[in-house]
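Here the structure comes first, spelled out in structure tokens, and everything after it is commentary.
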Amino acid sequence: MRFGKIQYLNLLPFDVFLKSYPAPSRFKSAAFARKSYPSKLNQSFFFRRIDAGFISTIAGYRASLNHRATKSGIIAKGDVWSVIVIPHDDDKANAEKKDSPNLSKKAESKKQASHISHSNTASTANIENITNHANAAKSTKDYQSDTSNALSDVLGLNGSVLIGDRALLYRYQGGAHIDMGKAWFDKHRLPFVFGRLCFNRYEALYTRISSLFNARHIKIPQYILEKYAKETQIPKKYILEYLTHIYYKIDKKESISISRFYRALRLKRVRFASRNYPKNMQKNPKINSNKIG
2 MRFGKIQYLN LLPFDVFLKS YPAPSRFKSA AFARKSYPSK LNQSFFFRRI DAGFISTIAG
62 YRASLNHRAT KSGIIAKGDV WSVIVIPHDD DKANAEKKDS PNLSKKAESK KQASHISHSN
122 TASTANIENI TNHANAAKST KDYQSDTSNA LSDVLGLNGS VLIGDRALLY RYQGGAHIDM
182 GKAWFDKHRL PFVFGRLCFN RYEALYTRIS SLFNARHIKI PQYILEKYAK ETQIPKKYIL
242 EYLTHIYYKI DKKESISISR FYRALRLKRV RFASRNYPKN MQKNPKINSN KIG
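Each residue of the sequence shown is one higher than the last, beginning at 2 in the working numbering.
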């Protein structure tokens, strides 16, 4: 059994759940061996290199039509923090104004995590590096993303798309941005489903995993939080606060939101992800890897 999983903090609760799930060790080994970013996993799913996995919502379109999509996803109702557009200089003031409540929350979280020191100089350099990249082109897509790239087109947002832990770190460091989860919610008053657990085989197994995961409250052990805080350079308290913005059960409103997103893609003539999906996006610059503390 070949399982693919997005290697981001937003699926940390699923990692913890899967470790405790009563499954053969070979399944768990496979589940933790095939980790990557969304657009790469989407291609693995299309070419059936994996039997199942959390893939981008835009890539799960055919799976949902063929009843091969579960009721588990990566969902945010409003601010998501880790799916953002970095605006150009002329739009930056607007972004800061729109996102001022988020920046206030970020400042509060940083205050709570004051025992973790980090270099202001390094942070400023990181922000300037990514912002300069955003200004270099009218609109830059994130090579790691499929759904978020399409969502930026649907919402008419100009700038550089940035997703995952890189986006979360950029936000933590105080970079100006537009939160795409909030932008979608402001427009439609619906949560947005960024990814979905879909399968090519073993329907009964993955449907059961989805049901059990949705029903369980997951507490993340401190040693796991410490490990990811060190790897991502994001404090534990900030990670926990971030995870309060994410949930996983796809219900009625989430299903409506998915349908509305698919409809918007067709109306805007945005291409659905497929085997031949264009991969000419520029790679976003890496955030400085200087350790915190």
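All residues carry an ideal CB built from backbone N, CA and C; glycine is no exception.
Note the first and the last residue of the continuous beta strand (DSSP E) segment covering residue i.
i, result
"Thr71", "70-77"
"Lys250", "248-250"
"Leu266", "It is not in any beta strand (DSSP E) - Leu266 instead sits in the alpha helix (DSSP H) that spans 253-269."
"Val162", "161-164"
Under a three-way DSSP split, which group does residue i fall into?
i, result
"Lys220", "coil"
"Arg3", "coil"
"Ala53", "strand"
"Ser211", "helix"
"Ile85", "strand"
"Ser146", "coil"
"Thr233", "helix"
"Ser37", "strand"
"Gly294", "For Gly294, the pLDDT reaches just 33, beneath the cut-off of 50, and the residue's location in the model is therefore unreliable, although a value from the coordinates is still provided. Residue state, collapsed to three classes: coil."
"Ser275", "coil"
Considering residue i, what are the terminal residues of the alpha helix (DSSP H) in which it resides?
i, result
"Leu10", "Looking at the DSSP string, Leu10 is not in any alpha helix (DSSP H), and its letter there is neither H nor E."
"Phe376", "The question about residue 376 has no answer here: the residues shown for the chain are numbered 2 through 294."
"Gly182", "181-189"
"Tyr62", "62-66"
Relative to the C-alpha of residue i, which candidate in the options has its C-alpha closest?
i, options, result
"Thr245", "Ser73, Phe4, Leu10", "Leu10"
"Lys188", "Lys228, Gly79, Tyr239", "Gly79"
"Gly175", "Gln145, Ile235, Thr71, Ser212", "Ile235"
"Pro88", "Asp154, Tyr248, Val162, Phe55", "Val162"
"Leu13", "Asp180, Ala265, Tyr224", "Tyr224"
"Met181", "Pro25, Val155, Arg264", "Val155"
"Ile240", "Tyr38, Tyr229, Tyr249", "Tyr229"
"Gln145", "Tyr38, Leu158, Arg276", "Tyr38"
"Ile219", "Phe193, Ser275, Leu19, Val81", "Leu19"
"Ser212", "Glu242, Val86, Val271, Gly74", "Gly74"
"Lys238", "Tyr249, Ile221, Lys250", "Ile221"
"Ser258", "Tyr248, Val81, Trp82, Trp185", "Trp185"
"Tyr263", "Thr148, Ile51, Tyr203", "Thr148"
"Cys199", "Ala77, Ile56, Ser40, Tyr248", "Ile56"
"Asn159", "Phe4, Val86, Asn201", "Val86"
"Tyr173", "Asn201, Glu242, Phe195", "Glu242"
"Asn43", "Ala216, Lys254, Arg27, Phe195", "Phe195"
"Phe273", "Ser21, Ala70, Leu191, Tyr62", "Tyr62"
"Lys250", "Leu169, Tyr203, Ala70", "Ala70"
Drop a sphere of 10 angstroms on the beta-carbon of residue i, count the other beta-carbons inside from all chains shown, and report buried for 16 or more, exposed for fewer.
i, result
"Asn150", "buried"
"Asp143", "buried"
"Asp166", "buried"
"Glu227", "exposed"
"Asp252", "exposed"
"Lys6", "buried"
"Pro23", "exposed"
"Asn67", "exposed"
"His178", "buried"
"Phe214", "buried"
"Ala135", "Bear in mind that the predicted position of Ala135 carries a pLDDT of just 46, short of 50, making it unreliable; the figure below should be weighed with that in mind. The residue is buried, with at least 16 neighbouring Cβ atoms inside 10 Å."
"Arg267", "exposed"
"Ile59", "buried"
"Gly157", "exposed"
"Glu232", "exposed"
"Lys304", "The structure shown does not extend to residue 304, since the chain is modelled only from 2 through 294, so no value can be given for it."
"Pro25", "exposed"
"Glu255", "buried"
"Ser30", "exposed"
"Ser153", "buried"
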